[in-house]
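Scroll down for the structure; my scribbles are underneath it.
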Amino acid sequence: MAASSSVRPTTTGPQVFINFRGKDVRNGFLSFLEPAMREANINVFIDKHEVVGTDLVNLFVRIQESRVVVVIFSKDYTSSEWCLDELAQIKDCIDQGGLNVIPIFYKLAPSSVEELKGGFGDSFRVLKCKYKDEPERTQKWEEALKYIPKIKGLTLSEKSDRNEREFIYETIFEIQRSLSQIAVKGNPKLESNSLGGFMVPARRLVITHAENPEKWTWSAIYDRPHKADIEIATMINTHSLIKINGDFHTRKLIPGKKYEVVFLVRLDDTSLGWKNDVTLTLKLVMGDKTGNEKEKKLCLDEYIGENWVDILVGEFEAPPKKDDAKIFFSMSQYVDTDKKSGLVVKGFAIRPA
1 MAASSSVRPT TTGPQVFINF RGKDVRNGFL SFLEPAMREA NINVFIDKHE VVGTDLVNLF
61 VRIQESRVVV VIFSKDYTSS EWCLDELAQI KDCIDQGGLN VIPIFYKLAP SSVEELKGGF
121 GDSFRVLKCK YKDEPERTQK WEEALKYIPK IKGLTLSEKS DRNEREFIYE TIFEIQRSLS
181 QIAVKGNPKL ESNSLGGFMV PARRLVITHA ENPEKWTWSA IYDRPHKADI EIATMINTHS
241 LIKINGDFHT RKLIPGKKYE VVFLVRLDDT SLGWKNDVTL TLKLVMGDKT GNEKEKKLCL
301 DEYIGENWVD ILVGEFEAPP KKDDAKIFFS MSQYVDTDKK SGLVVKGFAI RPA
């Protein structure tokens with residue numbers, strides 16, 4: 001276990017995703033809004049955090065992990081199929097529950113969006129014609145464009161006397177108000193599923209140096225399968241050894257049934273230092289202290305840029321309940337010469353093999 005420290009990791013709130021047309025606002029309005037949100041301690045995600053060429057599916061996952069989405073409608077928004085695909089995904093998440101949306105009409109009348117009028121509507125019709133062979137896709141775009149503008153939002157008209165700084169303050173206030181209505185569970189209790197497995201969040205693990213905010217940060221995402229906000233740990237910069245430990249009592253398992261233990265992790269597109277193998281160990285210890293241990297090596301470099309992946313630690317057979325057994329598992333790497341970053345830890349799962 002890491003040595004104690006007076007510095008306690010800071011937990012940021014639920015993730016806020018921003019959907020926008022880069023051509024219209026990236027170098028203007030958004031370049032002021034994003035830092036202002038961070039200054040207000042808002043956990044914001046925009047697509048510049050993904051490497052160019054990243055699959056759109058990765059951004060869909062980020063939307064699913066968010067509790068609030070800010071949709072910035074602007075003049076050229078409907079010329080981008082990327083924006084509209086994201087918007088359709090946002091609509092899907094609204095339908096599933098657990099997502100709040102704040103529409104922003106940036107130098108654009110809300111009616112132009114909802115009724116697809118003027119240049120905004122013309123651009124949409126051109127794009128719809130371009131994808132006439134994908135009617136299901138374009139129908140989702142149209143449904144989202146009709147539904148989301150009806151949600152109460154914020155408007156900065158093109159001829160407004162208000163300056164953008166005032167509008168940014170109002171936007172941040174609305175985001176904070178939306179976030180305040182969300183009860184962050186943070187660290188839900190052991191979550192079982194219908195298949196007899198368990199998912200346990202990262203806070204239940206012992207992560208070396210997790211208390212050092214220069215090496216690891218903690219933030220919250222929305223886990224839709226479990227319908228709960230959970231904290232994830234993100235490695236930002238370390239040359240130190242890595243060790244992540246966990247344990248689990250087998251009394252919750254079915255005796256004689258085979259189970260697998262997996263770490264639930266992600267390696268961001270910008271991850272560094274993962275060409276060397278990590279060591280994965282699984283040890284089953286009985287009540288009388290006897291037991292057996294399995295160990296294997298794995299290179300995580302091949303997982304960089306993917307979404308959440310299951311890193312299999314090993315398998316074991318659940319012993320009789322009277323044996324009072326526990327399993328202990330870990331992921332470690334003792335190479336301290338390379339800078340490492342980008343590992344995101346969601347937790348671990350134990351489930352039937």
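The sequence shown begins at 1 in our numbering and counts up one residue at a time.
Heads up, the beta-carbon is just placed ideally off N, CA and C, and yes, glycines get one too.
Residue i versus residue j - alpha carbon distance
i, j, result
"PRO188", "LEU264", "Residue confidence is low: PRO188 scores 48 on pLDDT, short of 50, so the model does not pin down where it sits. Its coordinate-derived value is still stated next. Distance between the alpha carbons of PRO188 and LEU264 is about 16 angstroms."
"LYS185", "GLY119", "Here the model assigns LYS185 a pLDDT of 45, short of 50, so the residue's position is not dependable, and the following value carries that caveat. Spanning the two alpha carbons is a distance of roughly 44 angstroms."
"LEU145", "ASP47", "21 angstroms"
"ILE350", "LEU298", "19 angstroms"
"LYS340", "GLU115", "50 angstroms"
"HIS49", "PRO319", "With a pLDDT of only 48 at HIS49, under 50, the local geometry of the prediction cannot be trusted, and the value read off the model is given with reservation. HIS49 and PRO319: Cα-Cα distance of roughly 45 angstroms."
"ASP268", "TRP274", "11 angstroms"
"ASN43", "TRP141", "27 angstroms"
"ASN19", "ARG266", "22 angstroms"
"PRO213", "ILE151", "38 angstroms"
"LYS429", "ILE72", "Missing from the structure shown is residue 429; the chain here goes from 1 to 353 and no further."
Close Cβ partners of residue i (< 8 angstroms) along its chain, the five nearest in sequence each way excluded
i, result
"GLU174", "ILE102 and LEU154"
"VAL57", "ASN307"
"GLU86", "ASN19, LEU56, LEU59, PHE60 and ILE63"
Member of the options whose CA lies at the smallest distance from the CA of residue i
i, options, result
"GLN333", "THR281, HIS249, GLY347 and ILE304", "THR281"
"LYS296", "ALA109, SER330 and GLU158", "SER330"
"LEU272", "ASP336, ASP161, PRO35 and LYS346", "ASP336"
"PRO14", "PHE198, LYS132 and LEU179", "LEU179"
"SER240", "ARG137, ASP338 and GLN89", "ASP338"
"VAL261", "LYS227, VAL309 and ASP122", "VAL309"
"ASP301", "ASP122, LEU312, SER112 and VAL278", "VAL278"
"ARG204", "ILE182, GLN181, GLY197 and ILE230", "ILE230"
Cβ shell of residue i (< 7 angstroms), same chain only, five flanking positions each side left out
i, result
"SER321", "According to the sequence shown, residue 321 is Lys rather than Ser. Answer for LYS321: ARG251 and PRO255, listed in chain order."
"LYS23", "ASP76"
"LYS243", "THR208, SER330 and SER332"
Same chain, Cβ closer than 6 angstroms to residue i, neighbours up to 5 away in sequence not counted
i, result
"PHE348", "VAL200, GLY246 and PHE263"
"SER80", "ARG21"
"ILE327", "PHE248 and LEU284"
"LYS294", "LEU282 and GLY314"
"MET235", "TRP216, SER341 and LEU343"
Three-state secondary structure assigned by DSSP to residue i
i, result
"ALA233", "strand"
"ILE254", "coil"
"ASP268", "strand"
"ASP92", "helix"
"SER5", "Summary for SER5: the model assigns pLDDT 31, below 50, so the residue's position carries little reliability; its value from the coordinates is reported in the next sentence. Here SER5 sits in coil by DSSP."
"GLU174", "helix"
"TYR131", "coil"
"GLN64", "helix"
"ASN58", "helix"
"LEU280", "strand"
"THR78", "helix"
"SER330", "strand"
Inter-residue CB distance, residue i and residue j (contact presumed, cutoff 8 angstroms)
i, j, result
"ILE232", "VAL344", "6 angstroms"
"LEU33", "THR171", "6 angstroms"
"TYR259", "ALA353", "6 angstroms"
"ARG67", "LEU99", "7 angstroms"
"ILE104", "VAL70", "6 angstroms"
"THR303", "GLU65", "Checking the sequence shown, residue 303 turns out to be Tyr, not Thr. Not confirmed; about 18 angstroms, so no contact."
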